[in-house]
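Asks: Starting off with a structure, shown below.
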Ligand code: PMP
């Protein structure tokens with residue numbers, strides 16, 4: 346479609362439907378058996394549109410394929426293995442990760458993507474009466490889990506520049522969680538700030554969600570030996586190009602991981618399926634491929650930041666595999682809708698403080714080039 350036609354058609358709301366909190370109760374429909382049903386307000390994941398001719402920059406997937414060894418490992422599985430349950434302990438994959446990070450296997454937990462690891466961590470560690478703390482702008486699954494489990498929580502406003510003020514976390518609380526780098530801002534917090542927060546909270550579990558740390562951040566891994574209450578959560582979905590296989594993990598003290606294992610085995614013994622276990626280990630085995638892939642993504646990210654700046658955008662200095670940008674003249678929602686109609690999917694959050702921003706995942710250089718060409722033309726024609 347021509348850009349001018351897209352500009353004219355703007356105003357049509359193509360955003361995913363927002364869940365309505367407690368809608369049924371308000372309508373007085375929760376009668377009889379429905380009164381006993383848990384009324385959850387779900388997280389809205391980014392769209393997964395089908396069709397070949399789109400550029401998908403909305404869910405922070407990696408644009409490059411996983412290393413060849415991953416496909417080979419899955420192909421090499423015997424048919425007979427599929428009829429047996431997988432290892433409930435996920436021992437081989439946990440050992441791989443333990444060796445890779447230089448910790449014991451008893452300090453590694455694995456799950457079905459980091460969403461599964463995080464959901465179980467909320468259930469396991471946030472079980473007190475005091476509110477759990479997390480930033481007002483953060484991964485929008487945190488409040489969903491807190492609401493699902495009935496965990497009290499309080500959101501803590503980030504500073505104007507989207508950084509954390511560590512003093513805000515030095516108070517009574519029932520636990521702390523934040524991503525580093527943060528999502529959807531991409532802002533990276535330094536290790537000394539994270540240590541200050543962990544040190545000040547010996548009576549609470551502090552979870553650092555390091556989903557994006559491989560793209561240029563300093564991991565809190567060195568702190569693990571000093572703080573029994575620190576849990577790091579990671580994923581294979583972003584830096585390891587394996588979003589489709591759902592592999593996440595946590596690193597922490599033996600005590601923390603032991604508690605997580607107990608809750609997991611009270612919930613579902615076989616969370617990790619056979620191909621995921623094999624693929625995860627094969628991914629860890631190819632370090633050169635992993636490094637090269639990270640280099641490509643971060644190089645394209647830095648180039649895209651400069652190009653967007655030249656088009657008048659400003660944003661955070663993201664250290665993730667996405668950028669978080671705003672344009673002074675064009676509302677983010679207009680841009681989001683126009684891009685979507687042109688087959689370029691990015692993420693827009695209609696939320697306080699960030700509704701002027703777009704979160705754009707880093708694709709291949711060719712994909713980002715197409716995005717930049719569209720934006721340039723759109724901005725010129727709208728003037
Ligand atoms: N944490 C953060 C901050 C994320 O952005 C995501 C991706 N949506 C996740 C965790 C979950 O990723 P996955 O379940 O694919 O590991």
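In our numbering, the protein residues as written are 346 to 728. The beta carbon of each residue, even a glycine, is placed where N, CA and C say it ideally should be.
Given a threshold of 16 other Cβ atoms within 10 Å of its Cβ, counted over all protein chains shown, does residue 417 qualify as buried or as exposed?
Replies: Residue 417 comes out exposed.
Asks: For my contact list, residue 463 and residue 706 are in at a C-beta cut-off of 8 Å; report their separation, rounded to the angstrom.
Replies: Actually they are not in contact, since the Cβ atoms of residue 463 and residue 706 sit about 20 Å apart, beyond 8 Å.
Asks: Evaluate residue 603 with the Cβ neighbour count: other Cβ atoms within 10 Å of its Cβ, from every protein chain shown; 16 or more gives buried, anything less gives exposed.
Replies: With fewer than 16 Cβ atoms within 10 Å of its Cβ, residue 603 is classed as exposed.
Asks: Which partner residues does residue 412 have in the DSSP bridge list?
Replies: The partner list for residue 412 (beta bridge, DSSP) is empty, contrary to what the question assumes.
Asks: Reducing DSSP to helix, strand and coil, say where residue 496 ends up.
Replies: Three-state DSSP puts residue 496 in coil, outside helix and strand.
Asks: Would you list, in sequence order, the uninterrupted alpha helix (DSSP H) runs of no fewer than 4 residues that lie entirely inside the segment 621–663?
Replies: Counting only runs of 4 or more, we get 632–655.
Asks: Can you give me the Cβ contacts of residue 441 inside the same chain, cut-off strictly under 8 Å, excluding the 5 residues immediately before and after it?
Replies: Excluding residues within five positions, the ones whose Cβ falls inside 8 Å are 625, 626, 629 and 630.
Asks: Looking at the unbroken alpha helix (DSSP H) that takes in residue 687, where does it start and where does it end?
Replies: From DSSP, residue 687 is part of no alpha helix (DSSP H); its letter is neither H nor E.
Asks: DSSP on residue 705, reduced to helix/strand/coil?
Replies: Three-state result, residue 705: strand.
Asks: Go through its chain and collect everything with a Cβ distance to residue 711's Cβ below 6 Å, but skip five positions before and after it.
Replies: Counting only Cβ-Cβ distances below 6 Å, and skipping sequence neighbours, we find nothing.
Asks: Can you list, in chain order, the residues of its chain whose CB lies under 7 Å from that of residue 385, leaving out five sequence neighbours each side?
Replies: Hits under 7 Å: 493.
Asks: Given a cut-off of 8 Å on the beta-carbon distance, is the pair residue 632 and residue 598 in contact?
Replies: No; because the gap between Cβ atoms is not below 8 Å, this pair is not in contact.
Asks: I want to check one thing, is the minimum distance from the CB of residue 500 to the heavy atoms of ligand 1 below 7 Å?
Replies: No, ligand 1 has no heavy atom inside 7 Å of this Cβ.
Asks: Here's the rule: buried if 16 or more other CB atoms are within 10 angstroms of the residue's CB, otherwise exposed. What is residue 378?
Replies: That one is exposed.
Asks: In terms of residues, what are the limits of the alpha helix (DSSP H) holding residue 544?
Replies: Where residue 544 is concerned, the enclosing alpha helix (DSSP H) stretches over 536–544.
Asks: Give every residue of the same chain whose Cβ lies closer than 6 Å to the Cβ of residue 558, excluding the five residues on either side of it in the sequence, and list them in chain order.
Replies: Same-chain partners within the cutoff: 564.
Asks: Under 7 Å from any heavy atom of ligand 1, does the C-beta of residue 436 make it?
Replies: Flag unset: Cβ of residue 436 not near ligand 1.
Asks: Could you tell me which residues DSSP puts in a beta bridge with residue 693?
Replies: Partner(s): 703.
Asks: In three-state DSSP terms, what is residue 558?
Replies: Looking at residue 558 - three-state DSSP - the assignment turns out to be helix.
Asks: Give me, in chain order, the residues of the same chain whose beta-carbon lies closer than 6 Å to that of residue 484; leave out the 5 immediate sequence neighbours on both sides.
Replies: Contacts found: 524 and 528.
Asks: So what's residue 489 in DSSP terms, helix, strand or just coil?
Replies: If DSSP states are grouped into helix, strand and coil, residue 489 belongs with the helices.
Asks: Got a sec: does ligand 1 put a non-hydrogen atom nearer than 7 Å to the Cβ of residue 535?
Replies: No - ligand 1 has no heavy atom lying nearer than 7 Å to the Cβ of residue 535.
Asks: Just the Cα atoms here: how many angstroms apart are residue 461 and residue 593?
Replies: If I take the Cα positions, the gap works out to 7 Å.
Asks: Is residue 562 near ligand 1, going by C-beta to nearest heavy atom under 7 Å?
Replies: It does not: the Cβ of residue 562 is nowhere closer than 7 Å to a heavy atom of ligand 1.
Asks: Buried or exposed: residue 621, going by 16 or more other Cβ atoms within 10 Å of its Cβ?
Replies: Buried: at least 16 other Cβ atoms inside 10 Å.
Asks: Please report how far the alpha carbon of residue 526 lies from the alpha carbon of residue 688, in whole angstroms.
Replies: If you take the alpha carbons of residue 526 and residue 688, they lie about 28 Å apart.
Asks: Run through the DSSP bridge pairs and tell me what residue 670 is partnered with.
Replies: Looking at the DSSP assignment, residue 670 forms a beta bridge with 660 and 703.
Asks: Three-state secondary structure (DSSP) at residue 681?
Replies: Helix.
Asks: For ligand 1, any of its heavy atoms closer than 7 Å to the Cβ of residue 580?
Replies: Yes; taking the cut-off as 7 Å, the Cβ of residue 580 has a heavy atom of ligand 1 nearer than that.
Asks: Would you tell me roughly how many angstroms separate the C-alpha atoms of residue 619 and residue 555, rounded to the nearest one?
Replies: Straight-line Cα distance between these residues: approximately 25 Å.
Asks: Residues in the same chain with beta-carbon distance under 7 Å from residue 719, minus the five sequence neighbours each way, listed in chain order, please.
Replies: Cβ within range, chain order: 684, 687 and 689.
Asks: Which of helix, strand or coil does DSSP assign to residue 549?
Replies: Reduced to three states, the DSSP call for residue 549 is coil.
Asks: Excluding the five sequence neighbours on either side, which residues of its own chain have a C-beta within less than 8 Å of the C-beta of residue 366, listed in chain order?
Replies: Model confidence at residue 366 stands at a pLDDT of 48, short of 50, so the residue's coordinates are unreliable; what they give is reported in the following sentence. Closer than 8 Å at the Cβ level, and outside the excluded window around residue 366, lie 386.
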